[in-house]
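J.:
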Amino acid sequence: MLVALRVKNFVLMDSLELRLEPGFNVLTGETGAGKSIVVGALSLVLGGRGNAEQVRPGADEAEVEALFDVTGSERLATALDAAGVSSGGELVIRRVVQQNGRSRAYLNGRLCTAGELQALASELCDVASQHESVALTDPSTHLGYLDRFGRLSTAREALAAEVEKLEKVVAEIREVREAERGRAEREAFLGFQLQGIDAVSPRSGELEELAADRQRLRHAGRLRELTEHAAARLDQGEHAICDELAKLSKDLRAAADLDPSLEATANSLDGLFSELREIAREVERYAERAEANPSRLSEIEDRMYRLEGLLRQHGPTIDDVLAARSRIAAELEGLGNVETKLEALEHERDRLLRAAGERARQLSQKRREAGEKLGASIGGELADLGMGGARVIVDVAPLSGDRSELVVDGARLGRDGIDRVEFLIAPNKGIEPRPLRKIASGGELSRALLALKRTLAESGPAGLYVFDEVDAGVGGAVADKIGRAIADVARHHQVLCITHLATIAAFADAHFVVSKQVDGPMTKSTVKRVEGKDRVAEVARMLAGAKVGPSALKAASEMLDEAKARSAASASPKRGGKSRAS
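Heads up, the sequence shown is in the working numbering, so the first residue is 1027 and it goes up one at a time.
1) In chain order, what residues of the same chain lie with their CB nearer than 8 Å to the CB of Phe1538, ignoring the 5 residues before and after it?
2) Mapping DSSP to helix, strand and coil, what is Gln1612?
3) Counting only the same chain and skipping the five closest in sequence on each side, list residues whose C-beta sits under 7 Å from that of Val1565.
4) Of all the alpha helix (DSSP H) runs that stay within the bounds of the stretch 1511-1549, which reach a length of 4 or more residues?
5) Does the separation of the CB atoms of Leu1490 and Leu1028 fall below 8 Å?
6) Just to confirm my understanding: we take Ala1105, look at its own chain, exclude 5 residues before and 5 after, and list those with CB closer than 8 Å. What are they?
7) Assign Asn1035 to one of two classes, buried (16 or more other C-beta atoms within 10 Å of its C-beta) or exposed (fewer than that).
8) Taking the straight line between their C-alpha atoms, what separation do you get for Glu1142 and Ala1078?
9) Quick one: any contact between the stretch 1230-1248 and the stretch 1298-1305, if contact means 3 or more CB pairs under 8 Å?
10) For Ser1129 and Val1118, which I take to be in contact (beta-carbon distance under 8 Å), what is that distance rounded to the nearest angstrom?
11) What ranges does the beta strand (DSSP E) occupy inside the stretch 1365-1409, keeping only unbroken runs of at least 3 residues that lie completely in it?
12) Thinking C-beta only, is Lys1392 closer than 8 Å to Gly1176?
13) Out of curiosity, what's the CA-to-CA distance linking Ser1159 and His1168?
14) Measuring straight from C-alpha to C-alpha, what distance separates Leu1471 and Cys1151?
15) Can you look up Met1039 in the DSSP assignment and give me helix, strand or coil?
16) Could you tell me whether the Cβ atoms of Val1096 and Ala1067 are closer together than 8 Å?
17) If the criterion is Cβ atoms closer than 8 Å, does the pair Arg1463 and Thr1163 meet it?
18) Mind checking Ile1354: buried by the 16 CB within 10 Å criterion, or exposed?
19) For Ile1003 and Leu1192, what's the separation of their Cα atoms in angstroms?
20) Assuming Gln1124 is part of the alpha helix (DSSP H), what are its boundary residues?
21) Who pairs with Asp1152 in a beta bridge, going by DSSP?
22) Please specify which runs of the beta strand (DSSP E), each continuous and at least 3 residues long, are wholly inside the stretch 1206-1281, giving them in chain order.
23) For Ile1465 versus Ala1474, is the C-beta spacing smaller than 8 Å?
Structure representation (C-alpha cells):
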C-alpha cells in the first residue's frame, strides 16, 4: 500500500506531499491542471525513465519519494531480501533526477538501479493508463492469475515438486553422458596415474625412514671416526673410562665391607659400571658397521627421487598420494559402470516423466475449464462497464517444445506445467480477440483491466492499482457502473483513480483535487485533499462546469450520499464480504 508520495521540483510541482487512504482514492481537477504529473512521479519511483524535462524550470534537480507499507507481502519480502534490503514492513523509494537527465535511485536509503525498482514494481503498484505499461498486460503473469482464480496453486506446486526431481535426474544423465564422451581418454589418463603410483608402491612413513638412512650413509666415515674414538675412550684405550670406573668400584666395595652403610652406594656404582660397559660394546659394534656403501646410497636416493615425483603430482605427503590412489581407483571403477548407471537413470527419468506428465495433463484440463469461467466472468464485468460487445478468451495453449528433453504430448514440461496462458480480448463484435497489450484505445484498455482486476480482486499481487482514463468516452449509467466497480476493487486493493466524471469520483473514500496556479513568472500545480463542503463543491464543478449554482451543489451532495449508500450496500456477499485490503 502506498502511504505517502512526496514530490519536489517535479515538472510543474515545486512541492507536494500526498497521503493516500487504504481504499478508493480519487484525483480530479481541470484538464491540464497536472493530474498526470502525479502518475508520472509514481512511475518514476517504480523504475520509470528519468529525463531532464522532469526537472522543474529553475531547479537543480527533481526528487520523488514514496513510502510503501509492505506488511504481509511474502513475494515482496523475498525480492527485498534478494536485493539486500531490510524493510521492517516499510519501504521508502527515492528517485533524484538532475538537470542533465541523470538520475539516482534509493531503496530504504541504499543506492540501487532503476532495474531493481522495476523488478519490485509489479508487487507495489499496477498502473492502467494509455501511456503506461501494466503488469496485467504481461502474458507471463496470466498463468498465475488463472491458477489463483481456479484455486489450482496447490496442484501447480505439487507438479513443480515432481518436475524438480525430474530435472535433477535429467541433469545427472547429462553429466553422465558428458563423462561418457570423454571416458576413453579419462580412463587412459587415470590408468596412467594409477600405474605410476603402483609402480613405486609407496608406504606411509617411508620417506622419513629413507631420509634418515641417506643421512647415515652420506656421513658414514665421520660416524665411524666418532664412534671408534668413543669406544676407545670408554673401554679400549689406555686409561679407559671403564677401567677407571672398575677401580673405583673395587675401592668402594672394600669400603662397604668396612662400613655396611656404603653397600647401596657400592651397588649403584656397580650398576653404572655394567651399563657403561654395555654402552661401550654397542658403540664398538656401531663403529664396525659404519662404513660407506655407495650402492645402497644410490638406491636410496633413486627411491626418494621417485617418491618425490609422486608428491609433486599428488602430495604434499605420502598419505596424500595413497588417498589419491584410492580416489583414482574408485573413479576408474565408476567409469567402468557408467553404462549400468546411465541405464538406471534413464529408467528413473522415464518413470518420473510419466508421473509428472499425467499430473500436468490433469492440471492443463483444469486450467482450460477455469479459463472458460474466467473469460465469461470478465466478459460479464465488461458488459456492466459499457462494453457489452466485448469478448474475452483465456487462451491456454501448449508450451513450445524447443528441443527440450521434457516433452508431454508435444508440449514442453516445466515446473508450471505444459501450458502458456494469455488473456485475449475483442472489444467489439466482429473483431478477432487480441492480446490486452495490443488494445489501441486507452479507455477500452483501462476498462478491460478494471474488469479483469475486479474479477481477480483477491488474486492480484499489487498493493496499489492506478486507473487513468478509465472514464474515456463514457458517461451516465456506464460511468456509475465503473465507479461501483472501482469501489468494489478498492475493498481488496488500494486504488488511485484519475477521472473527469463526478459519478466515479463520488464513490471515493478520499478525494484529492489538482489545480494549476500562476506564481509570478512560474506556473505550478498543487494537490489538496477536499472534504465536506469543499468536496461537494468539487463534485458540483465536475457536474456543472465553471459556474456552480445551488442546484449543482444540491445534486453533488445527493450524488455523494447515494454513492456512499451504494458502496455500503455492495460491500458484502457478492465477493465474499472481505474487508478492504491494505
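We put the CB at the ideal spot given by N, CA and C, even for glycine.
T.: A quick look at the data gives this:
1) As a first step, residue 1538 is located in the sequence shown; it is residue number 512 there, counting from the start. Cβ within range, chain order: Leu1044, Asn1051, Val1052, Leu1053, Thr1054, Val1553, Lys1554, Arg1555 and Val1556.
2) The structure shown does not extend to residue 1612, since the chain is modelled only from 1027 through 1608, so no value can be given for it.
3) The residue given as residue 1565 occupies position 539 in the sequence shown. If we look at Val1565 and ignore the five residues flanking it on each side, its Cβ neighbours are Ala1528, Ala1531, Ala1532, Ala1582, Met1585 and Leu1586.
4) 1528-1531
5) As a position in the sequence shown, residue 1490 is number 464, starting the count at 1. As a position in the sequence shown, residue 1028 is number 2, starting the count at 1. Closer than 8 Å, so yes.
6) As a first step, residue 1105 is located in the sequence shown; it is residue number 79 there, counting from the start. So the qualifying residues of the chain are Ala1145, Leu1146 and Glu1149.
7) Locating residue 1035 in the sequence shown gives position 9, where the first residue counts as 1. The residue is buried, with at least 16 neighbouring Cβ atoms inside 10 Å.
8) Mapped onto the sequence shown, residue 1142 falls at position 116. Mapped onto the sequence shown, residue 1078 falls at position 52. Rounded to whole angstroms, Glu1142 to Ala1078 spans 21 Å at the Cα level.
9) no
10) Against the sequence shown, residue 1129 aligns to sequence position 103. Against the sequence shown, residue 1118 aligns to sequence position 92. The Cβ separation is near 16 Å, so there is no contact.
11) none
12) On the sequence shown, residue 1176 is found 150 positions in, with the first residue counted as 1. On the sequence shown, residue 1392 is found 366 positions in, with the first residue counted as 1. Yes, Cβ-Cβ distance for Gly1176 and Lys1392 is below 8 Å.
13) For the purposes of this step, residue 1159 is taken as the residue at position 133 of the sequence shown. For the purposes of this step, residue 1168 is taken as the residue at position 142 of the sequence shown. Residue confidence is low: Ser1159 scores 49 on pLDDT, short of 50, so the model does not pin down where it sits. Its coordinate-derived value is still stated next. Approximately 15 Å between the Cα atoms of the pair.
14) Along the sequence shown, one-based indexing puts residue 1471 at 445. Along the sequence shown, one-based indexing puts residue 1151 at 125. If I take the Cα positions, the gap works out to 17 Å.
15) Counted from its first residue, the sequence shown places residue 1039 at position 13. In the structure shown, Met1039 sits in a strand (DSSP, three-state: E or B).
16) Here residue 1096 corresponds to residue number 70 of the sequence shown, with the count starting at 1. Here residue 1067 corresponds to residue number 41 of the sequence shown, with the count starting at 1. No; because the gap between Cβ atoms is not below 8 Å, this pair is not in contact.
17) Translated into the one-based positions of the sequence shown, residue 1463 becomes position 437. Translated into the one-based positions of the sequence shown, residue 1163 becomes position 137. Contact: yes.
18) Counted from its first residue, the sequence shown places residue 1354 at position 328. Ile1354 is buried by the Cβ-count criterion.
19) With the chain covering only 1027 through 1608, there is no way to say anything about residue 1003.
20) Position 98 of the sequence shown holds residue 1124. Element bounds for Gln1124: not the alpha helix (DSSP H) but the beta strand (DSSP E), Glu1116 to Gln1124.
21) In the sequence shown, counting from the first residue as 1, residue 1152 sits at position 126. DSSP output for Asp1152 lists Tyr1491 as bridge partner(s).
22) none
23) Sequence index remark: in the sequence shown, residue 1465 carries index 439 (1-based). Sequence index remark: in the sequence shown, residue 1474 carries index 448 (1-based). Yes; because the gap between Cβ atoms is below 8 Å, this pair is in contact.
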